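Right, one structure below, let's go through it.
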Amino acid sequence: MKPDTYDVIVVGAGTAGLPTAITAAERGANVALVEKTGEVGGTLHLTAGQMSAAGSKLQASKGIVDTPDSHFEDAMRISKNTSDPELVRLAVNIAADTLDWLTDLDFEFDPDCPMIFYGHEAYSVARTCWGIDGGRSILKVVRPLLDAAIESGNVDLMLSTEMTGILQDESGKITGLTVRGRDGDQTLSGPNVVLTTGGYASNAELFAEWTSGVPLFSTARESSTGTGILLGQKAGGVVRNGDKFLPTFGGIEIQGEPGRVDFNDLPNLTPQNRLPWEIYVNLKGERFVAEDHPSVDAREHALMAQPEMTFWIIYDDNARANSEPFIGGWLTEDTGWNADDIAKAFESHPSFQTAPSIELLAGKCALDASTLSATVSTYNEAVVSGTDPLGRSHMPTNIATAPFYGVKAHGIVLKSPGGLTVNTRLEVTDKAGAPISGLYAAGEAIGGATLSGQSFVGGMSVTPCLGFGRLLGREILQW
Ligand SMILES: Cc1cc2nc3c(=O)[nH]c(=O)nc-3n(C[C@H](O)[C@H](O)[C@H](O)COP(=O)(O)OP(=O)(O)OC[C@H]3O[C@@H](n4cnc5c(N)ncnc54)[C@H](O)[C@@H]3O)c2cc1C
C-alpha cells in the first residue's frame with residue numbers, strides 16, 4: 000500500500016522537478032513526484048539544453064578562466080538590469096557545481112563547448128555549453144538517478160496525475176495537494192510542496208493576459224499551460240514579470256498549426272553564423288533593422304516593435320542560388336530541411352511565397368506593392384552606394400533577379416516571462432513579501448524573466464532549473 004503522506008511533494012517531472020526529487024530522495028526524503036503527462040522529462044524533450052556556468056570543470060579542461068562575478072556582470076548587462084539580481088546571483092554561484100554534477104555523470108558535451116554563442120546576446124567568455132542531443136542528453140544522465148530513487152522506495156512517481164489544488168491550514172501553511180489521476184481524485188499530504196510545473200508558453204489566453212496582448216508563436220511543450228502558476232497564485236502567491244517579454248528572432252509557423260513553431264525549423268538569422276543576403280520587411284513592407292546587426296538583443300527589440308511581431312524575409316533567385324540556405328542544419332544536424340524541402344515548401348506552405356516580380360510577390364505576401372518596391376529599390380541603391388540607411392554593412396548583391404521569394408517569420412516564444420515570486424530560499428512569497436510556509440517553486444514557474452529580464456540570457460533557464468532543483472532537494476528539509 001502506497002503512502003499518501005510525503006516529506007516533499009514535487010509537482011512536475013521536468014527540467015527542475017527531476018533534480019529536486021532526485022536530490023531530496025538521495026538525502027533520505029520520502030518524495031512524491033506528480034506529473035500530469037505520461038512521461039518524465041518535460042521540456043527536456045524539446046529544449047536545446049544550453050547551459051552556462053563560470054568556473055566549471057569543463058571550462059578548466061579547456062584552460063578557460065572565468066568567475067561567477069563575471070557571469071553575474073554579463074547576465075545583468077545582457078538583461079539591462081531587468082532581472083532579479085539576488086536570484087541571478089544565486090543562480091550563477093551554483094551553476095558550476097550544477098554543470099560539474101553533469102560532468103561527473105558522464106554527460107556527453109558537444110565537443111565544441113564551451114563557446115561564445117551568438118544566437119543569444121553574447122557572453123564575454125566562452126561559458127555556454129550543451130549536450131550532443133540537446134535537452135535529451137540531460138535526461139539521459141538524470142533518468143537513471145530517478146530510476147534508482149524509485150527502486151529504493153524514496154520516490155513515488157505518479158504519471159498521468161495532475162495537481163488540481165494546493166491544500167493549506169487556516170494559517171496558510173501547506174498541508175498537501177489534491178490530484179487527479181487514472182484512479183480518480185486523491186489527496187496527498189505533506190508539509191512541503193515544490194511547484195516545478197513549467198511555464199505557460201502554450202497557453203495563448205494566459206499569455207495574452209499576462210504579456211499585454213502579444214501574439215503567441217510558440218515552440219514550447221504543449222504541457223506548458225501555466226496551471227501550476229495559477230494554483231500557486233490561488234494559494235497566495237504573486238505573479239510578476241509577465242510584461243518582460245522579448246521574442247526570439249524568427250521562427251516559421253508550422254503549416255496548418257496557427258501559432259505553433261517547430262524549433263527544428265528555425266531559420267538561421269544569426270549574422271555571426273551566416274551573413275544575410277536577404278532583407279527583412281515588416282507587414283507594412285518596410286525594413287526595420289539592419290539584418291546583420293551584431294546584437295541579437297537589438298534585433299529582437301526592433302522586432303518586438305513591429306506589427307504582430309511578424310516579418311517577411313525577401314530575396315531573389317541570385318541569393319537562392321549562391322548563398323547557403325538559411326533554413327535547416329544550423330541548430331541541429333537533422334532538421335528535416337534541405338534545399339529540396341525549401342523548394343517544396345514554396346509549392347504549398349502559406350509562409351513561403353514566390354513570384355516573377357516584386358510587385359506580384361507583394362500581392363502574395365499581402366504587403367503593399369508600392370511600399371515593398373520602394374523598400375527593395377532603396378536597398379538596391381544602398382548596395383551600389385555602400386551606405387545603408389539602417390547601417391547594414393553586408394550587402395553582397397542587389398535584389399533584382401527573378402523569381403523573387405518571401406518567407407514569413409515571427410518573433411517566437413521559447414519560455415514564458417512571468418511566474419511566481421520567490422525569495423532566495425525559493426519559497427513562494429505573498430503580497431506582503433512573506434513566505435507561504437512550505438510552498439516552493441523553481442524553473443519556469445518562477446518566470447523566465449526573473450533570471451533573464453527582458454532579454455534572453457543564454458542558459459539562464461536550464462542551468463538554474465537544474466541548480467535550483469538540486470538546491471531545494473538538498474535544503475528543503477533543513478529550512
Ligand atoms: C525549443 C526550446 C528551446 C529552449 N532552449 C533553451 C536553452 O538552450 N537554454 C535555456 O536555458 N533554456 C532554453 N529553453 C527554455 C528551457 O528549456 C525551459 O524554460 C525549461 O526547460 C523549463 O523547465 P521546467 O522544469 O520549468 O518546466 P518543464 O521542463 O516543462 O517541466 C514542467 C513539468 O510539469 C508538468 N506539469 C505542468 N502542470 C502540471 C500539473 N498541474 N500537475 C502535474 N504536472 C504538471 C509538465 O507536464 C512538465 O512535465 C528552451 C525552451 C524551448 C521550448
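So in numbering that gives the first Met the number 0, spot 423 of the sequence shown is number 422, and the numbers just go up one at a time. The beta-carbon is built from N, C-alpha and C at its ideal position, and this holds for glycine as well. Please read these numbers as outputs of a predicted model, since none were measured by experiment.
Asked                                                                                                                        : Found
Assumed close pair TRP439, VAL178 - CB separation to whole angstroms, cut-off 8 Å                                            : First, the residue type needs correcting, since residue 439 is Tyr and not Trp in the sequence shown. Wrong, their Cβ atoms sit about 17 Å apart, outside the cutoff.
For SER495, three-class secondary structure by DSSP                                                                          : Shown here, the chain extends from 0 to 478; a query on residue 495 therefore has no answer.
Paired residues, beta bridge with HIS409 - DSSP                                                                              : GLY250, THR309
Host beta strand (DSSP E) of GLU256 (start-end)                                                                              : 256-260
Extent of the continuous alpha helix (DSSP H) run through PHE206                                                             : 203-209
Pair within 8 Å by beta-carbon distance, VAL30 and ASP68                                                                     : no
Continuous alpha helix (DSSP H) assignments of at least 4 residues falling wholly in the region 374-455                      : 447-451
Proximal residues to MET0 (C-beta, below 7 Å), its chain only, five neighbours per side dropped                              : With a pLDDT of 46 at MET0, under the threshold of 50, the modelled position of this residue cannot be trusted; read the value that follows with caution. There are no such residues.
Cβ contact check for the region 87-95 and the region 453-472: 3 or more pairs under 8 Å                                      : yes
Beta-carbon contacts of PHE351 that lie in its chain and below 7 Å, excluding the five residues immediately before and after : ALA344, PHE345, VAL406
Touch test, the region 105-114 against the region 68-77, Cβ-Cβ under 8 Å, three pairs minimum                                : no
Bridge partners - GLU239, DSSP secondary structure assignment                                                                : According to the sequence shown, residue 239 is Arg rather than Glu. According to DSSP, which records beta bridges pairwise, ARG239 is partnered with GLY418.
CB contact flag (ASN191, ILE165, <8 Å)                                                                                       : no
Outcome for THR386 when other beta-carbon atoms lying within 10 angstroms are tallied against a minimum of 16                : exposed
The region 419-431 touching the region 229-236, judged by at least three CB pairs closer than 8 Å                            : yes
Burial state of THR22 (16 or more Cβ within 10 Å)                                                                            : buried
Alpha-carbon spacing of VAL260 relative to GLN477, whole angstroms                                                           : 43 Å
Run of the beta strand (DSSP E) containing SER134, from where it starts to where it stops                                    : The sequence shown places Gly at residue 134, not Ser. It is not in any beta strand (DSSP E) - GLY134 instead sits in the alpha helix (DSSP H) that spans 134-150.
CA nearest to the CA of PRO416, picked from ALA431, SER451, TYR404                                                           : SER451
Which listed residue (MET157, ALA125, SER151, GLY250) has its alpha carbon closest to that of MET62                          : At residue 62 the sequence reads Gly, which differs from the Met that was named. Cα-wise, what sits closest to GLY62 is ALA125.
PHE216 beta carbon near ligand 1 (any heavy atom closer than 7 Å)                                                            : no
Backbone secondary structure at ARG179 - three-state DSSP                                                                    : strand
Cβ-based burial, LYS283 [other Cβ within 10 Å; buried from 16]                                                               : exposed
Stretch-stretch touch, CB-based, cutoff 8 Å, three pairs: the region 270-289 with the region 369-384                         : yes
Among LEU32, THR42, THR420, GLY13, the one whose alpha carbon lies nearest that of ASP3                                      : LEU32
Separation of ASP315 from THR195, as counted between CA atoms                                                                : 47 Å
Identity of the residues DSSP links to CYS128 by a beta bridge                                                               : MET50
Cβ-Cβ separation, PHE244 to THR210 (assumed contact under 8 Å), whole Å                                                      : 5 Å
Any non-hydrogen atom of ligand 1 within 7 Å of VAL154 CB                                                                    : no
Supposed close pair VAL154, ALA148 - CB separation, criterion 8 Å                                                            : 4 Å
Any non-hydrogen atom of ligand 1 within 7 Å of THR449 CB                                                                    : no
Sequence-distant residues of its chain with Cβ nearer than 6 Å to ARG473 (five each side left out)                           : THR22
Near ligand 1: MET459 beta-carbon under 7 Å from a heavy atom                                                                : yes
As assigned by DSSP and simplified to three states, the class of PHE467                                                      : helix
Near ligand 1: LEU45 beta-carbon under 7 Å from a heavy atom                                                                 : yes
Whole-number beta carbon distance between ALA95 and GLY48, since they are thought to touch under 8 Å                         : About 17 Å; that fails the 8 Å criterion.
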